[in-house]
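These protein sequence lines are chains B and A, in that order.
Take my numbering: the last position of the first sequence gets the number 245, and nothing is skipped along the way.
Take my numbering: the last position of the second sequence gets the number 490, and nothing is skipped along the way.
Glycine included, each C-beta is placed from N, C-alpha and C at the ideal position.
Protein chains: 2
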Amino acid sequence: MNNKPLKVELFFTYAGLTDEEVKGKTVVVIDVLRACTTACAAFMSGCREIIPVESIGDATSLLDKLDREVVLLAGERKGYKVDGFDLGNSPYEFTEEIVRGKVIILASTNGSRALVLGSAGEDCMAASFVNVSNIVERIASVGNDIAIVCSGRELNFSLEDTLCGGMIISGLGDRAESANDAAVVASKLYEERKSDLASALRNSDHGRYLVSLGFSPDIDFAAQVDSIGLIPYWDNGRLVVDDGA
Amino acid sequence: MNNKPLKVELFFTYAGLTDEEVKGKTVVVIDVLRACTTACAAFMSGCREIIPVESIGDATSLLDKLDREVVLLAGERKGYKVDGFDLGNSPYEFTEEIVRGKVIILASTNGSRALVLGSAGEDCMAASFVNVSNIVERIASVGNDIAIVCSGRELNFSLEDTLCGGMIISGLGDRAESANDAAVVASKLYEERKSDLASALRNSDHGRYLVSLGFSPDIDFAAQVDSIGLIPYWDNGRLVVDDGA
Numbered sequence: 001m002n003n004k005p006l007k008v009e010l011f012f013t014y015a016g017l018t019d020e021e022v023k024g025k026t027v028v029v030i031d032v033l034r035a036c037t038t039a040c041a042a043f044m045s046g047c048r049e050i051i052p053v054e055s056i057g058d059a060t061s062l063l064d065k066l067d068r069e070v071v072l073l074a075g076e077r078k079g080y081k082v083d084g085f086d087l088g089n090s091p092y093e094f095t096e097e098i099v100r101g102k103v104i105i106l107a108s109t110n111g112s113r114a115l116v117l118g119s120a121g122e123d124c125m126a127a128s129f130v131n132v133s134n135i136v137e138r139i140a141s142v143g144n145d146i147a148i149v150c151s152g153r154e155l156n157f158s159l160e161d162t163l164c165g166g167m168i169i170s171g172l173g174d175r176a177e178s179a180n181d182a183a184v185v186a187s188k189l190y191e192e193r194k195s196d197l198a199s200a201l202r203n204s205d206h207g208r209y210l211v212s213l214g215f216s217p218d219i220d221f222a223a224q225v226d227s228i229g230l231i232p233y234w235d236n237g238r239l240v241v242d243d244g245a
Numbered sequence: 246m247n248n249k250p251l252k253v254e255l256f257f258t259y260a261g262l263t264d265e266e267v268k269g270k271t272v273v274v275i276d277v278l279r280a281c282t283t284a285c286a287a288f289m290s291g292c293r294e295i296i297p298v299e300s301i302g303d304a305t306s307l308l309d310k311l312d313r314e315v316v317l318l319a320g321e322r323k324g325y326k327v328d329g330f331d332l333g334n335s336p337y338e339f340t341e342e343i344v345r346g347k348v349i350i351l352a353s354t355n356g357s358r359a360l361v362l363g364s365a366g367e368d369c370m371a372a373s374f375v376n377v378s379n380i381v382e383r384i385a386s387v388g389n390d391i392a393i394v395c396s397g398r399e400l401n402f403s404l405e406d407t408l409c410g411g412m413i414i415s416g417l418g419d420r421a422e423s424a425n426d427a428a429v430v431a432s433k434l435y436e437e438r439k440s441d442l443a444s445a446l447r448n449s450d451h452g453r454y455l456v457s458l459g460f461s462p463d464i465d466f467a468a469q470v471d472s473i474g475l476i477p478y479w480d481n482g483r484l485v486v487d488d489g490a
């Protein structure tokens, strides 16, 4: 690893993201609650690949072209599993029994779309607290400038994604050059909240909403820093992890 | 004025704003650099009304339906005056000699669109640092719940609008109940930066960009808290101010 400074821009949502802003960069897409956390859980349980899609329509169209025997449809709207889908967006649903060897089409409200847009970068990976240290190590080693794209919440600010983005910038230490206002704000918010991330997640807008739906365990799952070391990364239209990882 | 608590939600951009989020509320649209600052300057110089429109096409179509003698076209893209328009988006252009008695069609990149969307609220007003205390007084007196909509910058975060939003929440004191994460973050950012707002504006992403274009005086203009007491508010498709204000 050399010590070239890395320019880091952060985006609170993907709303204003243009190809120009990710071109040639390492893109880190964050969706703590819950798509990127759940993607890590799915790979941990042995799924083969995840295909993020932008809409429920895209998911069902794609299903028709694939072998139904090995494909699972996953996704949510307003936090709930989509009618007719195999799985929702809770990490606890993605057990080894269900997902081992499978291809998962993922149509979450925010993270899936952010991942599709982020894939225009030089490389693109899915991050959340469960794999944050490995993400930091990987992007430092790659050495490209970095665009951290928070998935947000229906195009609005998401505190939990921002805190995770701040943690990544903090993890890069002196190598990170925060290059936009949002990156500076994210770092500051992380420093203020890092002593109790679980509580910050639980009390965030999105956290409170998920608790109200009965998904409280998902938040505890998502708050476990470095509990899953895998790095789902974009490769030819889908997310994969390295063999044997 | 009664002391009913006011629920305050803040949006870093208008990207995710739905009619549901503004319905029945007092909407405060903020564009510090520069549309709302410039609107205040224009009314100070005696313009009769401002019609914010969402696109350059909308501006020119509307022009055809109005009396060209009394109408001025104003707007910018990437900070520069639109070709063929009478005015750009710098407050210094809107002098009494030019705008007195005129109707101004305003097609700025961010603020105009935010104002059009915000007009779905129960009431809607244009805010920036130059009129912030009067805005606080007005919204406290109206007593509706409040949606503060930062115009942002091409659907991305804008620090200067957020600081102004934080100042408004701070101004409401104990009456404000920050009801989403963005409102809490804005308040905190304002408290941290309030001792030198001019410097915060100048060093923001947008501030540095405007300085690079030669609009440095516009930033100083925008940083003058309460220099213009007027409140441009939405009335029947356009912004006006109270007579004699």
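Does the beta-carbon distance from Glu405 of chain A to Ser449 of chain A come in below 7 Å? yes
Within the same chain, show all residues whose beta-carbon is closer than 7 Å to that of Gly118 of chain B, passing over the 5 residues directly before and after it, in chain order. Val22, Val27, Val29, Cys124, Val149
May I ask you to report which of helix, strand or coil DSSP gives Ala245 of chain B? Only weak support is given to the placement of Ala245 of chain B: the predicted model assigns it a pLDDT of 46, under 50, and the value that follows is read from those uncertain coordinates. Ala245 of chain B: coil per DSSP, three-state reduction.
Hey, how far is the Cα of Cys281 of chain A from the Cα of Ala372 of chain A? 6 Å
For Tyr325 of chain A, which residues from the same chain have a beta carbon less than 8 Å from its beta carbon, with the 5 sequence-adjacent residues on both sides left out? Gly333, Leu458
What span of residues does the alpha helix (DSSP H) with Ser141 of chain B cover, start to end? 132-142
Measure the Cβ-Cβ separation of Ala223 of chain B and Ala198 of chain B and say whether it is below 7 Å. yes
Provide the residue span of the alpha helix (DSSP H) that contains Val211 of chain B, from first to last. 205-213
In terms of residue numbering, what span does the alpha helix (DSSP H) encompassing Ser178 of chain B cover? Not the alpha helix (DSSP H): Ser178 of chain B falls in the beta strand (DSSP E), residues 176-178.
Name, in chain order, the residues that DSSP records as bridge partners for Val149 of chain B. B:Phe11, B:Val29
Are there any heavy atoms of the ligand MN lying less than 6 Å away from the beta-carbon of Arg345 of chain A, as far as the coordinates show? Of ligands this structure carries none, so the ligand MN is not represented either.
Under 7 Å between C-beta atoms of Asp328 of chain A and Leu318 of chain A: no
Look at the alpha carbon of Asp145 of chain B and the alpha carbon of Val387 of chain A, and state the distance between them as a whole number of angstroms. 48 Å
Arg48 of chain B to Asn110 of chain B span [Cα, whole Å]: 22 Å
Closest Cβ-Cβ distance between Asn134 of chain B and chain A: below 7 Å? no
Looking only at its chain, what residues have a beta carbon closer than 7 Å to the beta carbon of Gly229 of chain B, apart from the 5 residues adjacent to it on each side? Asn131, Asn134
Closer than 7 Å to chain A by CB, Gly118 of chain B: no
Going along chain A in order, which residues have a C-beta closer than 8 Å to the C-beta of Gly16 of chain B? Thr258, Ala260, Gly397, Arg398, Glu399, Leu400, Asn401
Going by CA-CA distance only, name the one from B:Tyr233, B:Glu137, B:Ile231, B:Leu201 that's closest to Asp218 of chain B. B:Leu201
Is the beta carbon of Ile295 of chain A closer than 7 Å to that of Leu434 of chain A? no
Against chain B, which members of the segment 402-425 of chain A pass a CB distance test of less than 7 Å? Phe402, Leu404, Asn425
Nearest-angstrom beta carbon gap, Val253 of chain A and Glu422 of chain A [assumed within contact, 8 Å]: 6 Å
Within 10 angstroms of its Cβ, does Ser461 of chain A collect 16 or more other Cβ (buried), or is it exposed? exposed
If we define contact as Cβ-Cβ less than 7 Å, is Ser204 of chain B a contact residue for chain A? yes
C-alpha distance - Phe374 of chain A paired with Ile413 of chain A, whole-angstrom precision: 9 Å
Within 10 Å of its beta-carbon, does Glu191 of chain B have 16 or more other beta-carbons around it, so buried, or fewer, so exposed? exposed
Is it buried or exposed, Lys323 of chain A, if we count other Cβ atoms within 10 angstroms and call 16 or more buried? exposed
Have a look at Asp58 of chain B and Ile104 of chain B and give me their C-alpha separation to the nearest angstrom. 13 Å
At 8 Å on the CB atoms, spell out the chain B contacts of Ala427 of chain A, in chain order. Asn156, Phe157
Exposed or buried, what is Glu342 of chain A when buried is set at 16 or more other beta-carbons lying within 10 Å of its beta-carbon? exposed
By the criterion of Cβ-Cβ separation under 9 Å, what are the contact partners of Val276 of chain B in chain A? Lying outside 1 to 245, the shown extent of chain B, residue 276 of chain B is not represented and no answer is given.
Ordered along the chain, which non-local residues of its own chain (more than five positions away) have a Cβ less than 6 Å from that of Gly171 of chain B? Val136
Count the other C-beta atoms from every protein chain shown that fall within 10 angstroms of the C-beta of Arg358 of chain A, then say buried if there are 16 or more, exposed otherwise. buried
Three-state secondary structure assigned by DSSP to Val185 of chain B: helix
With DSSP as the reference, identify every bridge partner of Met412 of chain A, one or two as the case may be. Looking at the DSSP assignment, Met412 of chain A forms no beta bridge with any residue, so it has no partner.
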